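Shown next, in structure tokens, is the structure this report addresses.
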Ligand code: SF4
Ligand code: SF4
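Numbering (this note's numbering), first residue to last: 207 to 591.
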């Protein structure tokens, strides 16, 4: 217990005083280890919460199937319905009201957006469970292959554009092609009301095709670390765009830098940190691997832009991220926009006819939605937040 408290205290004070004198190998290793420990701690805590929510949700669905509700549905499961969340955002944008079906999904989306506006794509490397999984698969791949494979630039650049194309597709479908009444009709539809259970069934009853897609993504993530995040995740694309506005960025001070290149070598996003003054790249995950690798503590720091030049040390960066994310969720809970109003009884009744609900029509024959078709939710074989 004392050891953990000491470790937390040490991590909190890390880089409170910076120096222009390069650290020797031992202290540099120790400092890097502490910065990585902070991030892995946040990743582990986030993964634990996701697993807990998943366990609660599965237990609740199984009990409903047996005709007896046990426990309650955890609203956090709506974080795995990104398309419903985007639709709710459009609804909020058009009407100024939070749609009562899956409000937690919208809140989680806004919390993620908040982190992107303040702390670059730190959500991806500190909290996102898919990012954590991607990192683990990459580590397994590197251990097996003995090296990180990076596609050549001529392939890497167009591949990175794929996630932006996916994001554009969803934004166009929801914010341009669909009329406000179509969005509202879909949000109210039987399909959307049980989209969380549909998503669970999708993963429990994977089709051979979906299984092959998942297996391909796992393999790709092992060969090319962060392949999903770098090339395909529309959430990452959204954060990449927002991160350009982020005031806090990794900043290099040329007067202290000794041009050792360790920062660039450590960067999982292949950002040439040692050639930049400020890392503005949309691919920067805010993982602080470059900061952890830098032997001169004053040379590379997360900073606000001039004239403030306020430096944010690693533990404060982590605290800001957790406060932004958890604070948004807590505020929503306080204002009563977290739990949906669907009763267990309605869920139980809809579960009996759930296979007849169609995401293209929004519901069974009685709940059909007209107008442009919404993109499917809970059907993408890849990332779920
Ligand atoms: S190593 Fe540095 S530049 Fe690279 S993604 Fe992490 S924070 Fe950004
Ligand atoms: S900023 Fe990069 S190149 Fe400069 S001292 Fe730090 S690790 Fe070395």
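All residues carry an ideal CB built from backbone N, CA and C; glycine is no exception. The structure displayed is predicted, hence computed values, not measured ones.
Residue nearest to residue 327 in terms of C-alpha spacing, selected from 454, 424, 367, 304
The shortest C-alpha separation from residue 327 is found at 454.
Closer than 7 angstroms to ligand 2: residues, by C-beta to nearest heavy atom, in chain order
Counting every residue whose Cβ lies closer than 7 angstroms to a heavy atom of ligand 2, we get 458, 463, 464, 465, 466, 467, 468, 469, 470, 479, 480, 496, 499, 500, 501, 502, 505, 506.
Can you give me the Cβ contacts of residue 350 inside the same chain, cut-off strictly under 8 angstroms, excluding the 5 residues immediately before and after it?
If we look at residue 350 and ignore the five residues flanking it on each side, its Cβ neighbours are 428.
Between residue 600 and residue 237, is the Cβ-Cβ spacing less than 8 angstroms?
Because the chain is modelled from 207 through 591, residue 600 falls outside the range shown and cannot be assessed.
Just the C-alpha distance for residue 265 and residue 258, rounded to the nearest angstrom, thanks.
Straight-line spacing of the CA atoms in residue 265 and residue 258 works out to 11 angstroms.
Where do the ends of the alpha helix (DSSP H) carrying residue 507 lie?
Run containing residue 507: none in the alpha helix (DSSP H); it sits in the beta strand (DSSP E), 506–509.
Using 8 angstroms as the cut-off, can you tell me whether the segment 306–314 makes contact with the segment 418–436, which would need three or more C-beta pairs spanning the two stretches below that distance?
Cβ pair count under 8 angstroms is below three, so no.
Using DSSP with H/G/I as helix, E/B as strand and the rest coil, what is residue 455?
Three-state result, residue 455: strand.
Check whether residue 531 and residue 321 have beta carbons under 8 angstroms apart
Result yes, Cβ atoms of residue 531 and residue 321 sit closer than 8 angstroms.
Contained alpha helix (DSSP H) runs [length at least 4] in the segment 283–315, N- to C-terminal order
Those alpha helix (DSSP H) runs which fall completely within the segment 283–315 and span 4+ residues are 288–301.
Where does residue 399 sit, in a helix, a strand or coil, going by DSSP?
DSSP places residue 399 in helix when its eight states are reduced to three.
For residue 241 versus residue 404, is the C-beta spacing smaller than 8 angstroms?
No, Cβ-Cβ distance for residue 241 and residue 404 is not below 8 angstroms.
Any heavy atom of ligand 1 within a distance shorter than 7 angstroms of the CB on residue 494?
Residue 494 has its CB nearer than 7 angstroms to a heavy atom of ligand 1.
Does the structure place the segment 496–503 close enough to the segment 224–234 that three or more beta carbon pairs sit under 8 angstroms?
The segment 224–234 vs the segment 496–503: in contact.
Please confirm whether any heavy atom of ligand 1 lies closer than 7 angstroms to the CB of residue 304.
Checking every heavy atom of ligand 1 against the Cβ of residue 304, none is found closer than 7 angstroms.
For residue 484, which beta-bridge partners are listed by DSSP?
Checking the DSSP bridge columns, you'll see residue 484 partnered with 457.
Per the contact definition of three or more C-beta pairs closer than 8 angstroms, is the segment 347–366 in contact with the segment 275–291?
As far as the Cβ criterion goes, the segment 275–291 does not touch the segment 347–366, which means the pair count is below three.
State the DSSP-derived secondary structure class of residue 591, mapped to helix, strand or coil.
Note that residue 591 has pLDDT 33, beneath the 50 cutoff, so the model's placement of it is unreliable and no number is given.
Any 3 or more C-beta pairs closer than 8 angstroms across the segment 287–297 and the segment 370–381
In short, these stretches touch, since the Cβ pair count reaches three.
Consider the C-beta atom of residue 439 and the heavy atoms of ligand 1; say whether any pair is separated by less than 7 angstroms.
Incorrect: residue 439 has no Cβ contact closer than 7 angstroms to ligand 1.
Shortest alpha-carbon distance to residue 555 belongs to which of 273, 253, 261, 249?
Comparing Cα positions, the closest option is 273.
Inter-residue spacing [alpha-carbon to alpha-carbon] between residue 296 and residue 436:
Each residue's Cα considered, the two are about 26 angstroms apart.
Would residue 443 pass as a contact of residue 397 if the rule is Cβ separation under 8 angstroms?
With a cutoff of 8 angstroms on beta-carbon distance, residue 443 and residue 397 are scored as not near each other.
Under 8 angstroms, do residue 491 and residue 325 count as touching if we go by C-beta distance?
No, Cβ-Cβ distance for residue 491 and residue 325 is not below 8 angstroms.
Output the distance between the C-alpha atoms of residue 539 and residue 473, rounded to the nearest integer angstrom.
One C-alpha to the other measures close to 37 angstroms.
Ends of the alpha helix (DSSP H) at residue 469?
From DSSP, the alpha helix (DSSP H) with residue 469 extends over 468–472.
Among 520, 468, 515, nearest to residue 496 - alpha-carbon criterion
Checking every option, the nearest Cα to that of residue 496 belongs to 468.
When you compare each of 250, 268, 244 to residue 550 by their alpha carbons, which one comes out closest?
Put simply, of 250, 268, 244 the residue whose alpha carbon is nearest the alpha carbon of residue 550 is 268.
At 4 residues or longer, what runs of the alpha helix (DSSP H) sit wholly inside the segment 409–437?
Taken in chain order, the whole alpha helix (DSSP H) runs of length 4 or more contained in the segment 409–437 are 414–429.
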